[in-house]
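Some notes on the structure that comes next.
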Amino acid sequence: MNQLAKNQADGIRELIAFRIGDQEFCVDIMSVREIRGWTPATALPHSPGFVLGVINLRGAVLPIIDLSSRLGMKAADPTARHVIIVAQVHQKVVGLLVDAVSDILSVTSENIQPTPEVSSELDKSFARGVLAIEGRMICLIELEALFRASESEAA
Amino acid sequence: MDMNEIKEIFFQECEEQLAELETGLLAINDGDSDPETVNAVFRAVHSIKGGAGAFALDDLVAFAHVFETTLDCVRSGQLEPSADVVKVMLKSADVLADLTYAARDGGSVDKERSDALLVDLEALARGEKPGGAPIAAAQPAPDAPDFEPVPFSFDDFDDVEPALAAERFTVTFRPRAELYAKGNEAALLLRDLAKLGEATIRCNTQELPDFDALDPEGAYLAWDIVLLTEKSEDDIRAIFEFAEWDCTFEVTSGAAETEAVPVAECEPAEAGPMTPVPFDMTAFDAIIESAPPAEAAVPAQDAFVERRQADRRAADASPTIRVDLDRVDRLINLVGELVINQAMLAQSVNESTSSDRSAINLGLEELQQLTREIQDSVMAIRAQPVKPVFQRMSRIVREIADMTSKSVRLVTEGENTEVDKTVIDKLAEPLTHMIRNAVDHGLETPEKRLAAGKPEEGTLRLAAKHRSGRIVIEIADDGAGINRQRVRQKAIDNGLISPDASLSDEEVDNLIFHPGFSTADKISDISGRGVGMDVVKRSIQQLGGRITISSTPGQGSIFTMSLPLTLAVLDGMVVTVAGQTLVVPLTAIVETLQPEASRIHRFGAGQRLISIRDMFCPLIDVGRVLSFRRDQADPAASVALLVETEGGGQRALMVDAIQGQRQVVIKSLEANYDHVPGIAAATILGDGRVALILDVDAVVAGTRGDAAKPELSLAAVG
């Protein structure tokens, strides 16, 4: 039995944790294709502010989303030290700009606490719970929700 | 592989056979008397019939059978392929195609039409038979009044064949070593043959060498068979179907017998060059050994031998395989990556400060050459001749000629010109429309043609050729040419131009491409289907092509289309707008110019016009339309690209600078993102960065709100 199947059998989920500013977030590792450094993007006309543009990912045109801006925080000022998480959402592949990737977590559903009752946009639309790991708080994001929302706003 | 897949392949092959059939018939129509052409036509119908039989497509089989019978008369020389005969056959080919497509896609065919053709075909097959050929004389039509009942075997009665009388065939069968090497057994074939009727089989051992010289794996024996059967020649051939490549095989129909002539009556004939040798017949249990054959040696049927040779030649010349289009596309994509990657590598080598750059550069140059060669070869995989599309046109010409009672001859040239499959697929529709137009509006009625001193039959020329990396397709008719007076009047009536507008002949001709323009006084059933030449022009422009017309009154019109060879790459002008690199499709650009400040005129609030040869053309600031910048750029410091737009008008697109021209690989933006207004697609430049390809029409349409009025003026003339 391979690791993946074993994890599934044990109810273990693997998550990739990353940092934006002084906050930590995580997404399911199954939707992450690769992680790469930032390269300057070609701006797209008429696009919402959180769409930084498109880059060439081995011949495919990859839109880059400033996750900080998308989550309602201050827009990023991308540098060579920023990281792009290439993720598959629905049938499309998008790049998420974050400050740094911090951890890979193996958690069970018991580790994930429901999102505390706060009345922010973040809470309602993307957060699917919080994790307490070694005294840090990591917020679990659902990419599908994020992308659906971005799509309708972009249109 | 399930049944549906096999069926799918059958229909694919049918399309090829139908194309072959039409090519052959058209060649015969043009006076090609090569027996091989007739054979090819016959073979095509026969293959369709055979395949259709396997799938129990009864309608198709029934029609193909009658068609085949008539074709066989042509093949055997009993029916002269005159113009009338070929006409019926071309129509039959159309019906056969309809039946095939109906069988594939469901739906029905014009039963009346196919029935009428069946009657014609049968008449042709019958009508010519009584004359000359020996086979016919003894084969009375079933309803002939002087028909005499003949005794015949009822054993095969359920297998009803059109030929009621037993016929005598002489079959020569000379296997080659390959036949045995492939595990075929001559005895089995002969046994099957004997089952068809009464067979007399003789072994011809003339070729048999001395024992010392005998190659144990060689083939030396030949057989001469005289077969008395009610089956047709095709049934005999069917037995040898799988062996025919590996043997010399001839069937000749001898004099048919209305009654079963006792075989013994046949005199032992001169055996020709062969000496009949008794053969051990125990292997052939079903064979009745009786008197020697009436004619042992029959001259080879030249046509048949030729056919064999031609087939073999064709098979040797171009073996082909079927490949899933997706696989080819994936390969093309990968090669596109390779090209970009190689360009990026070259750039970074040039920027590096390494000491032994010359050696690297040498290697890079070779790599570049190789990549280009790979790209060309891969593109060539998708390239196909325009022939199938052209062939479809000949049918359309026939149908419209019938409908309009005009007599039209379609001449095609350069049908082997190759172009990308996607272009071919999208070519059919505009081409169909233009052909319809040319026959319906372009050519005059026979009476008018005669009155004008022209031949009664109109000529339509459809030609394709390669010219500077593009394919050029011309549709020329020898009709009356464009009636400029009427076009002009129509344009004035429709409010397209003002009554006092002064237009050149060319400008008037181009009015027919204007949306909503139709010159026909009455909307005819043929070309007045709500689409005009503007739609044709649009669909060609969408393919990255252009269309022009030149017309000479009284002598006809020529429509010229120029299309890219592929839709995977595009010739573009690389420009800079507000620090961004954009690609503008070269097909949209009419000319580029450096605007002088004196030529820029303000027009209302914010709108600016540029005067080009006394015509005022709205200036569009691309940077602003795409919201790359807020403020209008200084026109005098920019470059203007004069582009042609959807409505036929012209606009000047302002960009900051032109970087150059190059061919770019088109990448979808929608695959991972959304459609972006004003942007057609993306591409990747040599530096690895993504550049956007401008959608000129959308950019122009985006500014139409405040520039709608001048559009309706004279500027509308393309």
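If you read the sequences in order, they're chains R and G. Counted the way our numbering counts, the first sequence spans residues 475 to 629. Counted the way our numbering counts, the second sequence spans residues 828 to 1545. Even glycine gets a Cβ: it sits at the ideal position worked out from N, Cα and C.
Handout entry: Best match in G/Asp1448, G/Ile1319 and G/Ile855 for proximity to G/Gly911 [C-alpha to C-alpha]
Key = Note that residue 911 of chain G is Asp in the sequence shown here, rather than Gly. Residue G/Ile855 is the option with its Cα nearest to G/Asp911.
Practice task
Give the secondary structure of G/Ile1324 by DSSP, where H, G and I count as helix, E and B as strand, and everything else as coil.
Solution key: Looking at G/Ile1324 - three-state DSSP - the assignment turns out to be coil, as it is neither helix nor strand.
Handout entry: Close Cβ partners of G/Met1360 (< 6 Å) along its chain, the five nearest in sequence each way excluded
Key = Ile1339 and Phe1340, listed in sequence order.
Exercise for the section: Could you check what DSSP says for G/Lys1058 in three-state terms: helix, strand or coil? Expected result: Of the three classes helix, strand and coil, the one that applies to G/Lys1058 here is coil, per DSSP.
Exercise for the section: Anything in the region 538 to 567 of chain R with a Cβ closer than 8 Å to a Cβ of chain G? List those residues in chain order, please. Expected result: Answer in chain order: Lys566 and Val567.
Practice task
Tell me whether G/Thr896 is buried or exposed, calling it buried when 16 or more other Cβ atoms sit within 10 Å of its Cβ.
Solution key: The residue in question, G/Thr896, is buried, as its Cβ has 16 or more Cβ neighbours within 10 Å.
Handout entry: Length of the line joining the Cα atoms of G/Ala1278 and G/Met1230
Key = Across the structure, G/Ala1278 and G/Met1230 are spaced so that their CA atoms are roughly 21 Å apart.
Practice task
Would you kindly report the start and end of the unbroken beta strand (DSSP E) that includes G/Gln1211?
Solution key: The continuous beta strand (DSSP E) containing G/Gln1211 extends over residues Ala1210 to Pro1212.
Practice task
Would you list the residues sitting across from R/Asn530 in a DSSP beta bridge?
Solution key: Bridge partners of R/Asn530: R/Val535.
Practice task
Enumerate in chain order the residues of its own chain whose CB-to-CB distance from G/Arg1297 is below 7 Å, with the five nearest sequence positions on each side excluded.
Solution key: Here the set comprises Ser1389, Leu1390, Pro1391 and Leu1392.
Practice task
Express the C-alpha separation of R/Ala561 and R/Arg638 in angstroms, rounding to a whole number.
Solution key: As shown, chain R starts at 475 and ends at 629. That puts residue 638 of chain R outside it, with no answer to give.
Handout entry: Straight-line gap, G/Pro1095 to G/Leu1054 (C-alpha atoms, nearest Å)
Key = Caution applies to G/Pro1095, whose pLDDT of 45 falls short of 50 and renders its modelled position unreliable; the value that the coordinates give is listed next. Their backbone Cα atoms lie some 15 Å apart in a straight line.
Handout entry: Secondary structure of G/Asn1011, DSSP reduced to three states
Key = Note: G/Asn1011 maps to coil in three-state DSSP.
Handout entry: Any non-hydrogen atom of the ligand NAP closer than 7 Å to G/Arg1222 Cβ
Key = Ligands displayed in this structure: none; no statement on the ligand NAP is therefore possible.
Problem - Segment contact, 8 Å Cβ cut-off, at least three pairs: the region 1004 to 1020 of chain G with the region 1069 to 1077 of chain G - result: Pairwise C-beta distances place the region 1004 to 1020 of chain G in contact with the region 1069 to 1077 of chain G, as three or more of them are shorter than 8 Å.
Exercise for the section: Go ahead and label R/Ile538 buried or exposed: buried means 16 or more other beta carbons lie within 10 angstroms of its beta carbon, across all protein chains shown. Expected result: The residue in question, R/Ile538, is buried, as its Cβ has 16 or more Cβ neighbours within 10 Å.
Problem - Cα-Cα separation between R/Glu498 and G/Ser1366, rounded to whole angstroms - result: In this structure, the straight-line span from the alpha carbon of R/Glu498 to that of G/Ser1366 is close to 52 Å.
Exercise for the section: Would you list the one or two residues that DSSP bridges to G/Asp937? Expected result: Answer by DSSP bridge pairing: none, since G/Asp937 is not bridged.
Practice task
Identify every run of the beta strand (DSSP E) within the region 1408 to 1473 of chain G, keeping only runs that are complete inside it and at least 3 residues long; order them along the chain.
Solution key: Here the runs fully enclosed are 1416 to 1420, 1427 to 1430, 1434 to 1439, 1442 to 1448 and 1466 to 1471.
Exercise for the section: Tell me where the beta strand (DSSP E) around R/Gly603 begins and ends. Expected result: Annotation for R/Gly603: the continuous beta strand (DSSP E) segment containing it runs Ala601 to Ile607.
Exercise for the section: Give every residue of the same chain whose Cβ lies closer than 8 Å to the Cβ of R/Lys548, excluding the five residues on either side of it in the sequence, and list them in chain order. Expected result: Closer than 8 Å at the Cβ level, and outside the excluded window around R/Lys548, lie Gly495 and Ser542.
Handout entry: C-beta contact flag for G/Ile1493 and G/Leu1469 at 8 Å
Key = Going by beta carbons, G/Ile1493 and G/Leu1469 fall outside the 8 Å limit.
Handout entry: Alpha carbon of G/Ala1127 to alpha carbon of G/Leu1158, nearest angstrom
Key = Reliability of the predicted coordinates at G/Ala1127 is poor, the pLDDT of 45 falling under 50, and the value obtained from them is presented with this limitation in mind. One C-alpha to the other measures close to 50 Å.
Practice task
Tell me whether G/Phe1038 is buried or exposed, calling it buried when 16 or more other Cβ atoms sit within 10 Å of its Cβ.
Solution key: By the neighbour-count rule (16 or more Cβ atoms within 10 Å), G/Phe1038 is not buried but exposed.
Handout entry: Secondary structure of G/Arg1478, DSSP reduced to three states
Key = DSSP places G/Arg1478 in strand when its eight states are reduced to three.
Exercise for the section: Please name the residue, chosen from G/His1428, G/Asp1524 and G/Thr1198, that lies closest to G/Glu1471 on a Cα-to-Cα basis. Expected result: Here the closest residue by C-alpha is G/Asp1524.
Practice task
Pull up the distance between the alpha-carbon of G/Asn1188 and that of R/Ile503, whole angstroms please.
Solution key: C-alpha separation (whole angstroms): 42 Å.
Practice task
Please name the residue, chosen from G/Asp899, G/Val1452, G/Gly1450 and G/Ala1508, that lies closest to G/Ser1080 on a Cα-to-Cα basis.
Solution key: Selected option, being the one with the closest Cα: G/Asp899.
Handout entry: Below-8 Å beta-carbon distance, R/Arg493 vs any chain G residue
Key = Any Cβ of chain G closer than 8 Å to the Cβ of R/Arg493 would place that residue at the interface, and such an atom is absent.
Exercise for the section: Could you say which of R/Trp512, R/Pro519 and R/Gly511 lies nearest to G/Val1526 if we only look at CA atoms? Expected result: If we check each option's Cα against that of G/Val1526, R/Pro519 comes out closest.
Handout entry: Stretch pair the region 605 to 618 of chain R + the region 836 to 846 of chain G: three plus CB contacts closer than 8 Å
Key = Look at the beta carbons and you see the region 605 to 618 of chain R not touching the region 836 to 846 of chain G: under three pairs across the two are nearer than 8 Å.
Problem - Proximity below 8 Å, CB of G/Phe1455 to CB of G/Ala1498 - result: No. Outside cutoff.
Problem - Residue closest to R/Ala550, alpha-carbon to alpha-carbon, out of R/Leu570, R/Leu531 and R/Val535 - result: Considering only alpha carbons, the answer is R/Leu570.
Handout entry: Cutoff 8 Å: G/Phe1455 Cβ touching any chain R Cβ
Key = Closer than 8 Å to some Cβ of chain R, the Cβ of G/Phe1455 qualifies, so yes.
Practice task
Measure the alpha-carbon distance for R/Pro552 versus R/Ala574 and round it to whole angstroms.
Solution key: Separation of R/Pro552 and R/Ala574 (C-alpha to C-alpha, rounded to the nearest whole angstrom) is 12 Å.
Handout entry: Where G/Pro1029 falls, given that 16 or more other Cβ within 10 Å makes a residue buried
Key = First, the amino acid is wrong: residue 1029 of chain G is Arg here, not Pro. The residue in question, G/Arg1029, is buried, as its Cβ has 16 or more Cβ neighbours within 10 Å.
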